[in-house]
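J.: Below is one structure. I have some questions about it.
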Amino acid sequence: MALFQADIDQINALAKTLGEVAAQIDAIDVRTAAQSIAAALPGTPLGAACAQATEYTEGAWWRVSQRVEQVSTAMTAVAADVAATDDTFRHRLDGLDFRTGGR
């Protein structure tokens, strides 16, 4: 019986989904496709510019992935904290032999 109005299972489910999204974002491969473009333009500044843009794009996706993973981790911690707080609160009320009128 949860006393607080927080759905811990839903918080954990969202955290799991965000973790999966972070992994999918991290798996985006920008370099492979860009390498063929750079190889098709040898000796031109376009190949080097493409390679540099690829590195910036890859880094940007990685940073997005890391930030989403941080939110996922924080949500998992919050769910655990809410569950522990709810459990502690329930035990304290039980110690006082507190009951609501409907039970």
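Heads up, the sequence shown is in our numbering, so the first residue is 1420 and it goes up one at a time. For every residue, glycine included, the Cβ atom is placed at its ideal position computed from N, Cα and C.
Determine, using beta-carbon pairs with one atom in the stretch 1509 to 1518 and one in the stretch 1440 to 1452, whether at least three such pairs fall under 8 Å.
T.: The stretch 1509 to 1518, when compared against the stretch 1440 to 1452, does not touch it at the 8 Å Cβ threshold.
J.: Could you check if Ala1468 is buried or exposed, using at least 16 other CB atoms within 10 Å of its CB as the buried criterion?
T.: The sequence position of residue 1468 within the sequence shown is 49, counting from 1. So Ala1468 ends up on the exposed side.
J.: Are the CB atoms of Ile1430 and Val1497 within a distance shorter than 8 Å?
T.: Within the sequence shown, numbered from 1, the residue matching residue 1497 stands at position 78. Within the sequence shown, numbered from 1, the residue matching residue 1430 stands at position 11. Contact flag set, yes.
J.: With Val1449 as the anchor, note down where its alpha helix (DSSP H) starts and where it stops.
T.: As a first step, residue 1449 must be located in the sequence shown, where it is residue number 30. Careful: Val1449 lies outside any alpha helix (DSSP H) and carries neither H nor E.
J.: Three-state secondary structure (DSSP) at Gly1514?
T.: Within the sequence shown, residue 1514 is the residue found at index 95, counting from 1. Helix, per DSSP.
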